[in-house]
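Only one structure is covered here, and it is reproduced in the block below.
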Amino acid sequence: MKDTIRIIHMGDLHLDSPFSSLGVDKSEIRRRELRATFTSILYYIKEVAADIVLISGDLFDDGYATTETVELLCSQFASLPDCRFVIAPGNHDPYTRGSLYASGKLPKNVCVFTSEGLQRFVFDDLNTEVYGWAFCAPSLTESPLAGKSADDNGRLHLVCGHCDMASPLSTYCPVTKEDVVHFGAHYSGFSHIHKTPELCREGDVTWSYSGFVEGRSFDECGKGGIYFIEAKTGGNHAVTVKRKNIARRHYEWDKLDISGCATLPEVAERIDALIKEKKYTEETLLRVTLQGSVAPSLDNLSRLESAVRGLFLLEIDDRTSPTFDGGMLENDLTMRGELYRELLPLLTGGTPEERATASAALKLGLAALEGRNITE
Ligand SMILES: [Mn+2]
4 MKDTIRIIHM
14 GDLHLDSPFS
24 SLGVDKSEIR
34 RRELRATFTS
44 ILYYIKEVAA
54 DIVLISGDLF
64 DDGYATTETV
74 ELLCSQFASL
84 PDCRFVIAPG
94 NHDPYTRGSL
104 YASGKLPKNV
114 CVFTSEGLQR
124 FVFDDLNTEV
134 YGWAFCAPSL
144 TESPLAGKSA
154 DDNGRLHLVC
164 GHCDMASPLS
174 TYCPVTKEDV
184 VHFGAHYSGF
194 SHIHKTPELC
204 REGDVTWSYS
214 GFVEGRSFDE
224 CGKGGIYFIE
234 AKTGGNHAVT
244 VKRKNIARRH
254 YEWDKLDISG
264 CATLPEVAER
274 IDALIKEKKY
284 TEETLLRVTL
294 QGSVAPSLDN
304 LSRLESAVRG
314 LFLLEIDDRT
324 SPTFDGGMLE
334 NDLTMRGELY
344 RELLPLLTGG
354 TPEERATASA
364 ALKLGLAALE
374 GRNITE
């Protein structure tokens, strides 16, 4: 029997996500890349000769995966017959009659939890037990770990489940820290909260969320990944955990002060400098929040989204305010001055949202009064 086993923990892949905010071409690229990332993970599993893979839910974005994805998954799982894949269905891919999990299509080395109550798979040859549960609907209101503890049988104990540790009132399986610690598994692998995870330990109990694998929006910035875990199957059951970044692309969100810029090329230059400084590449989807005071004529900054090169995607979040000669506008007797005086209380004394709206209104208004096209 092996003294140490190797475990991969991952989840929240959300295969077949629509990526609808990216438009038709890029969203199709991202769906393909997401499947390719899954394949890369399988290569990695083979390379490190993992014994067990914990997939803690939301493997699919939706209960009905595409044929292409199902075929890929089945062939990839079957290509590693010595590895046990343990799947805990999540709120996006619950165990239901129509789901892939209940279809009988998955190869024999894939073990899927099928109940909202606690279940376990026992791997005698690895002296290891994996506890877990399934979402059987899009919500689950009871913690399957509440009041329970792992059997005191000397084996290595793992947990694999989809849950929300952020609130005891959550309808996405409200597991508490106390539940996890009291249950006492040597490693508990969870999913559902997507942000870059933090490894938690208390005594010889270790747990973590998997985090996202490929970011799918600006809510998921940074490089996604999986965990590689080594655990002793006898004696002290020591667990070591390492993060492995595996994402093809990554979302980033930066702020840039472009005060003083008078033309689009000048702003483009500042964005280029940011891209160089942060070493962003074609792998980056960048949202840049532009701030500062700029010439009122710069009311078309979103044009830079298609002009700047070197990124997979650039999104401009324009929060600039127009520079204006306040004294001059204030005394301007034309509509320009009227507009300025009307907006002044909000420009100077409103809430941040009101100031931003008033700035945008002033920019658009001044542009319209100059006879420029503001419908874009
Ligand atoms: Mn989820």
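Per our numbering, the sequence shown starts with residue 4, numbered consecutively.
For each residue, glycine too, the CB sits at the ideal point set by N, CA and C.
Decide if lysine 1 is buried, meaning its Cβ has at least 16 other Cβ atoms within 10 Å, or exposed.
The question about residue 1 has no answer here: the residues shown for the chain are numbered 4 through 379.
Pull the bridge partners of histidine 165 from the DSSP assignment, please.
The residue you call residue 165 lines up with position 162 of the sequence shown. According to DSSP, histidine 165 bridges with Ser194.
How would you call aspartate 15, buried or exposed, if buried means at least 16 neighbouring beta carbons within 10 angstroms?
Mapped onto the sequence shown, residue 15 falls at position 12. Flag for aspartate 15 reads buried.
Report the rounded CA-to-CA distance for isoleucine 232 versus alanine 370, giving the unit in angstroms.
In the sequence shown, residue 232 corresponds to position 229, counting from 1. In the sequence shown, residue 370 corresponds to position 367, counting from 1. In a straight line, the C-alpha of isoleucine 232 is about 59 Å away from that of alanine 370.
To which residues does DSSP link valine 404 through a beta bridge?
The structure shown has nothing for residue 404, since the chain only spans 4 to 379.
Using a 10 Å radius around the Cβ and a threshold of 16 neighbouring Cβ atoms, would you call valine 125 buried or exposed?
As a position in the sequence shown, residue 125 is number 122, starting the count at 1. Exposed, by the Cβ-count rule.
Per DSSP, proline 325 is paired with what?
The residue labelled residue 325 in the question sits at position 322 within the sequence shown. According to DSSP, which records beta bridges pairwise, proline 325 is partnered with Val297.
Look up asparagine 248 in the DSSP assignment and give the residues it is bridged to.
Start at 1 with the first residue of the sequence shown, and residue 248 comes out as number 245. According to DSSP, which records beta bridges pairwise, asparagine 248 is partnered with Gly228.
Assign tyrosine 98 to one of two classes, buried (16 or more other C-beta atoms within 10 Å of its C-beta) or exposed (fewer than that).
Taking the first residue of the sequence shown as 1, we reach residue 98 at position 95. Counting every other CB atom within 10 Å of its CB across the protein chains shown gives tyrosine 98 a total of 16 or more, marking it as buried.
For isoleucine 55, which three-state DSSP category applies?
Residue 55 sits at position 52 when you count from the first residue of the sequence shown. Strand.
Where does aspartate 2 fall in DSSP's three states?
Summary: the structure shown does not reach residue 2, with the chain confined to residues 4 through 379, and so no result is reported for it.
Which parts of the stretch 253-286 are runs of the beta strand (DSSP E), unbroken and 3 residues or longer, counting only runs that do not cross its ends?
253-260
Comparing the CB of histidine 195 with every heavy atom of ligand 1, is any distance shorter than 7 Å?
The residue labelled residue 195 in the question sits at position 192 within the sequence shown. Of the heavy atoms belonging to ligand 1, at least one sits nearer than 7 Å to the Cβ of histidine 195.
For tyrosine 46, count neighbouring C-beta atoms within 10 Å of its own C-beta (all shown protein chains included) and say buried if the count is 16 or more, exposed if not.
One-based indexing of the sequence shown puts residue 46 at position 43. The residue is exposed, with fewer than 16 neighbouring Cβ atoms inside 10 Å.
Using beta-carbon positions only, say whether threonine 117 and arginine 158 come within less than 8 Å of one another.
Position 114 of the sequence shown, counted from the start, is the residue given in the question as residue 117. Position 155 of the sequence shown, counted from the start, is the residue given in the question as residue 158. No, the pair does not count as a contact, with Cβ atoms beyond the cut-off.
Consult DSSP for cysteine 203 and reduce its assignment to one of helix, strand or coil.
By one-based count along the sequence shown, residue 203 stands at place 200. It is a strand residue.
Rounded to whole angstroms, what's the CA-CA distance from isoleucine 48 to isoleucine 11? Just pull it up for me.
Taking the sequence shown and counting its residues from 1, the one referred to as residue 48 is at position 45. Taking the sequence shown and counting its residues from 1, the one referred to as residue 11 is at position 8. Answer to the nearest angstrom: the Cα atoms are 7 Å apart.
Taking just the CA atoms, how far does leucine 314 sit from glycine 368?
In the sequence shown, counting from the first residue as 1, residue 368 sits at position 365. In the sequence shown, counting from the first residue as 1, residue 314 sits at position 311. C-alpha separation (whole angstroms): 33 Å.
Which ranges would you report for the alpha helix (DSSP H) in the stretch 44-112 if only whole runs of at least 4 residues count?
Within the stretch 44-112, the complete alpha helix (DSSP H) runs of at least 4 residues are 70-81.
Quick check: the Cα distance between isoleucine 249 and aspartate 257, rounded to an integer number of angstroms?
Position 246 of the sequence shown holds residue 249. Position 254 of the sequence shown holds residue 257. Approximately 22 Å, taken between the alpha carbons.
Which of the three DSSP states is assigned to arginine 306 in this structure?
On the sequence shown, position 303 is the one that residue 306 refers to. Note: arginine 306 maps to helix in three-state DSSP.
Using 8 Å as the threshold, is the stretch 132-144 in touch with the stretch 88-103, meaning 3 or more CB pairs across them?
yes
Drop a sphere of 10 angstroms on the beta-carbon of lysine 108, count the other beta-carbons inside from all chains shown, and report buried for 16 or more, exposed for fewer.
On the sequence shown, position 105 is the one that residue 108 refers to. Under this definition lysine 108 is an exposed residue.
How many Å lie between valine 270 and leucine 316 at the Cα?
Taking the sequence shown and counting its residues from 1, one reaches residue 270 at position 267. Taking the sequence shown and counting its residues from 1, one reaches residue 316 at position 313. If I take the Cα positions, the gap works out to 17 Å.
Give the straight-line distance between the Cα atoms of aspartate 167 and serine 173, rounded to the nearest whole angstrom.
Sequence index remark: in the sequence shown, residue 167 carries index 164 (1-based). Sequence index remark: in the sequence shown, residue 173 carries index 170 (1-based). Cα-Cα distance, rounded: 7 Å.
For the 8 Å Cβ check, are there 3 or more pairs between the stretch 73-90 and the stretch 143-152?
In this structure the stretch 73-90 does not touch the stretch 143-152; the number of beta carbon pairs closer than 8 Å is below three.
Please report the straight-line C-alpha distance between leucine 2 and cysteine 264, rounded to a whole angstrom.
Not covered by the structure: residue 2. The range shown for the chain is 4 to 379.
For ligand 1, I want to know if aspartate 61 counts as a neighbour, meaning its beta carbon is within less than 7 Å of at least one of the ligand's heavy atoms.
Taking the sequence shown and counting its residues from 1, the one referred to as residue 61 is at position 58. The answer is yes for aspartate 61.
In whole angstroms, give me the CA-to-CA distance for valine 300 and proline 268.
Here residue 300 is taken as the residue at index 297 of the sequence shown, counted from 1. Here residue 268 is taken as the residue at index 265 of the sequence shown, counted from 1. Going by the sequence as given, residue 300 is serine instead of valine. Spanning the two alpha carbons is a distance of roughly 13 Å.
DSSP beta-bridge partners for methionine 13?
Sequence index remark: in the sequence shown, residue 13 carries index 10 (1-based). In the DSSP output, where bridge partners are listed per residue, methionine 13 has Ile58.
Should tyrosine 3 go down as buried or exposed, given a rule of 16 or more other Cβ atoms within 10 Å for buried?
With the chain running from 4 to 379 in the structure shown, residue 3 is simply not present.
Need the endpoints of the beta strand (DSSP E) that threonine 209 sits in, please.
Within the sequence shown, numbered from 1, the residue matching residue 209 stands at position 206. Unbroken beta strand (DSSP E) run through threonine 209: 208-212.
With phenylalanine 315 as the anchor, note down where its alpha helix (DSSP H) starts and where it stops.
Taking the first residue of the sequence shown as position 1, residue 315 is located at position 312. Element bounds for phenylalanine 315: n/a, residue is neither H nor E.
Kindly examine ligand 1 and report whether one of its heavy atoms sits closer than 7 Å to the Cβ of histidine 95.
Taking the first residue of the sequence shown as 1, we reach residue 95 at position 92. Yes, since a heavy atom of ligand 1 falls inside the 7 Å radius drawn around the Cβ of histidine 95.
Among Leu76, Arg312, Asn303, Val297, which one has its Cα closest to the Cα of threonine 284?
Residue 284 sits at position 281 when you count from the first residue of the sequence shown. Checking every option, the nearest Cα to that of threonine 284 belongs to Arg312.
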